[in-house]
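**Q**
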Ligand code: HGY
Ligand code: MN
Ligand code: MN
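Laid out in structure tokens, this is it:
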């Protein structure tokens with residue numbers, strides 16, 4: 001006789017339907033999503049998630065950063081909860097699964113436990129973290145960072161989007177300022193299920209990524225000061241060209257990242273030219289360099305090198321240069337006990353798996369500072385993410401959710 005839950009699986013169709021229904025909110029223009037944090041579509045997605053959780057018998061708590069905590073009571077009133085979370089906000093040209101899979105798989109775990117009448121000793125809390133992406137308000141993982149004590153709430157509330165709106169104003173505007181003190185909650189353990197956002201699992205034909213680490217990150221915001229001038233009548237020798245300086249810095253970042261192979265990445269995703277007019281040389285260029293590595297020495301060495309070389313490039317062109325870190329976390333080692341639990345769950349369920357280091361940052365990176373934490377990954381097509389074409393299969397989604405279900409049951413304990 002199988003032990004309670006031994007052969008349990010989630011309801012793959014129900015999980016998939018939930019993903020497709022959530023994807024209808026804040027649709028992109030190419031099949032993905034644009035449900036950026038603290039927008040009206042984020043608010044709509046939150047309400048849908050809240051309704052689903054209500055239907056599953058969960059009680060909601062919201063903290064002053066808008067983090068949503070949906071609780072399924074355990075039988076032991078003194079036991080700290082097992083948290084299962086990720087994020088519902090997306091990139092402006094995001095996919096349907098980045099973050100959303102982890103939140104809705106957490107809900108599916110609860111729904112499956114309800115179906116089978118299984119009670120756990122520890123409560124289970126399904127979590128939606130505010131502003132994981134950092135696309136609208138830098139840095140990424142902002143609200144989980146406040147929860148973990150990495151950022152102050154004042155810092156977070158003051159972060160501005162490209163239109164100058166602050167995080168605090170926008171959270172107030174959408175009506176999701178909760179009454180819980182952020183960070184007051186204590187966790188027994190934290191699991192995050194996420195698409196890989198890279199090519200390894202699909203290329204190796206593996207169902208499950210057993211995530212042992214997450215690479216570290218720096219976001220370095222450069223502000224270059226040139227001189228606005230006519231792009232036609234200004235002789236080449238008279239130009240103070242901040243745009244050219246930016247291009248040379250991007251080339252240098254590429255070179256530094258390639259010199260640190262394997263296990264390093266560097267690039268730029270966001271640039272602002274001012275006045276951004278076709279026939280005006282930019283007076284100001286603001287852009288963020290994103291460098292990452294699982295190796296602490298490489299990560300910090302790349303930052304040192306880039307911050308040394310950029311001013312030289314600018315000086316040669318007479319361009320002013322300043323830099324400010326606007327995002328950072330060191331490489332993360334996830335909890336070995338929870339990692340082993342995930343690996344065993346994959347094995348017991350008969351899923352192929354391999355240990356993997358997360359290339360993307362996740363709220364789990366901050367949760368790991370305040371509780372034992374780990375992650376589970378599923379493949380994604382062509383390793384593509386932060387692209388509306390991001391795609392996974394229903395089978396991949398369900399396999400990871402099955403592993404999440406068993407890891408949560410193992411950690412939360414089945415009540416007698
Ligand atoms: O930037 C990241 O790694 C995450 O997608 N926010
Ligand atoms: Mn994500
Ligand atoms: Mn993302």
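In the UniProt record's numbering, the protein residues as written are 1 to 416.
All C-beta atoms, glycine included, are put in the ideal place defined by N, C-alpha and C.
Note that this is a predicted model, so its numbers are computed, not measured.
Mind checking residue 139: buried by the 16 CB within 10 Å criterion, or exposed?
**A** Reading the chain shown from its first residue, position 139 is the one you call residue 139. When all chains shown are included, residue 139 counts as buried.
**Q** Looking only at its own chain, which residues have a Cβ that is under 7 Å from the Cβ of residue 263, when we skip the five neighbours before and after it?
**A** What you label residue 263 is simply residue 263 of the chain shown in a count that begins at 1. So the list reads 293, 294, 295 and 298, once near-sequence residues are dropped.
**Q** To which residues of the same chain is residue 143 closer than 6 Å at the C-beta, ignoring the five residues directly before and after it?
**A** If you number the chain shown from 1, residue 143 lands on position 143. These residues qualify, in order along the chain: 65, 67, 129, 130 and 131.
**Q** For my contact list, residue 189 and residue 379 are in at a C-beta cut-off of 8 Å; report their separation, rounded to the angstrom.
**A** Here residue 189 is taken as the residue at index 189 of the chain shown, counted from 1. Here residue 379 is taken as the residue at index 379 of the chain shown, counted from 1. In fact, because the Cβ distance is near 25 Å, the residues do not count as touching under 8 Å.
**Q** Three or more C-beta pairs closer than 8 Å, one from the stretch 110 to 128 and one from the stretch 221 to 229: is that the case here?
**A** They do not touch, by the three-pair rule.
**Q** With a threshold of 7 Å (Cβ to nearest heavy atom), would residue 386 be considered close to ligand 3?
**A** Locating residue 386 in the chain shown gives position 386, counting from the first residue. Result yes, Cβ under 7 Å from ligand 3.
**Q** With a threshold of 7 Å (Cβ to nearest heavy atom), would residue 134 be considered close to ligand 1?
**A** In the chain shown, residue 134 corresponds to position 134, counting from 1. Yes, the Cβ of residue 134 comes within 7 Å of a heavy atom of ligand 1.
**Q** Please classify residue 319 as buried or exposed, where buried requires at least 16 other C-beta atoms within 10 Å of its C-beta.
**A** Numbered from its first residue, the chain shown carries residue 319 at position 319. The residue in question, residue 319, is buried, as its Cβ has 16 or more Cβ neighbours within 10 Å.
**Q** Contact between the stretch 14 to 22 and the stretch 390 to 398: three or more CB pairs below 8 Å?
**A** They touch, by the three-pair rule.
**Q** If you measure from the CB of residue 270, is any heavy atom of ligand 3 nearer than 7 Å?
**A** Mapped onto the chain shown, residue 270 falls at position 270. Incorrect: residue 270 has no Cβ contact closer than 7 Å to ligand 3.
**Q** Is residue 138 a contact residue of ligand 2, with contact defined as CB to any heavy atom under 7 Å?
**A** Within the chain shown, the letter at position 138 stands for residue 138. Flag unset: Cβ of residue 138 not near ligand 2.
**Q** Pick out whichever of 375, 369 and 309 has its Cα sitting closest to the Cα of residue 339.
**A** Taking the first residue of the chain shown as 1, we reach residue 339 at position 339. Minimum Cα distance to residue 339 is reached at 375.
**Q** Shorter than 7 Å, the distance from the beta carbon of residue 98 to the closest heavy atom of ligand 3, or not?
**A** For the purposes of this step, residue 98 is identified with residue 98 of the chain shown, where counting begins at 1. True, at least one ligand heavy atom lies under 7 Å from that Cβ.
**Q** Of the choices 115, 289, 127 and 7, whose alpha-carbon is the least far from that of residue 70?
**A** Here residue 70 refers to the residue found at position 70 when the chain shown is read from its first residue. Answer by Cα proximity: 127.
**Q** So if DSSP puts residue 84 in a beta bridge, which residue, or which two residues, is it bridged to?
**A** Translated into the one-based positions of the chain shown, residue 84 becomes position 84. Residue 84 is bridged to 126 and 191.
**Q** Take residue 1 and list the residues in its own chain whose beta-carbon comes closer than 8 Å to its own, dropping the five residues that flank it on each side.
**A** Counting from 1 along the chain shown, the entry for residue 1 is found at position 1. Reliability of the predicted coordinates at residue 1 is poor, the pLDDT of 36 falling under 50, and the value obtained from them is presented with this limitation in mind. There are no such residues.
**Q** Going straight from the alpha carbon of residue 27 to that of residue 317, what length do you get?
**A** If you number the chain shown from 1, residue 27 lands on position 27. If you number the chain shown from 1, residue 317 lands on position 317. Near 43 Å, if we compare the C-alpha coordinates of residue 317 and residue 27.
**Q** Any idea if residue 315 is buried or exposed, counting beta-carbon neighbours within 10 angstroms, 16 or more meaning buried?
**A** Position 315 of the chain shown, counted from the start, is the residue given in the question as residue 315. Result: exposed.
**Q** Could you have a look at residue 311 and say whether DSSP puts it in helix, strand or coil?
**A** Along the chain shown, one-based indexing puts residue 311 at 311. Residue 311: helix per DSSP, three-state reduction.
**Q** Whole angstroms is fine: what's the gap from residue 205's alpha carbon to residue 411's?
**A** The residue you call residue 205 lines up with position 205 of the chain shown. The residue you call residue 411 lines up with position 411 of the chain shown. Those two C-alpha atoms are separated by around 28 Å.
**Q** Could you tell me which residues DSSP puts in a beta bridge with residue 284?
**A** Counting from one through the chain shown, the residue named residue 284 turns up at place 284. Partner(s): 225 and 274.
**Q** Count the other CB atoms, across all protein chains shown, that sit within 10 Å of the CB of residue 29; report buried if there are 16 or more and exposed otherwise.
**A** Here residue 29 corresponds to residue number 29 of the chain shown, with the count starting at 1. It is exposed - the Cβ of residue 29 has fewer than 16 other Cβ atoms within 10 Å.
**Q** Which whole-angstrom value describes the C-beta separation of residue 351 and residue 207, a residue pair presumed to lie in contact below a C-beta threshold of 8 Å?
**A** Working through the chain shown from its first residue, we reach residue 351 at position 351. Working through the chain shown from its first residue, we reach residue 207 at position 207. Correct: roughly 4 Å between the Cβ atoms.
**Q** Between which two residues does the alpha helix (DSSP H) containing residue 185 stretch?
**A** As a first step, residue 185 must be located in the chain shown, where it is residue number 185. It is not in any alpha helix (DSSP H) - residue 185 carries neither H nor E in the DSSP assignment.
**Q** In the DSSP assignment, the alpha helix (DSSP H) including residue 46 goes from what residue to what residue?
**A** On the chain shown, position 46 is the one that residue 46 refers to. Segment 40 to 55, the alpha helix (DSSP H) holding residue 46.
**Q** Using 8 Å as the threshold, is the C-beta distance between residue 306 and residue 252 below it?
**A** Taking the first residue of the chain shown as position 1, residue 306 is located at position 306. Taking the first residue of the chain shown as position 1, residue 252 is located at position 252. Going by C-beta atoms, residue 306 is nearer than 8 Å to residue 252.
**Q** I need the straight-line Cα distance from residue 482 to residue 112, nearest angstrom please.
**A** This structure leaves residue 482 out entirely; the chain is present only between 1 and 416.
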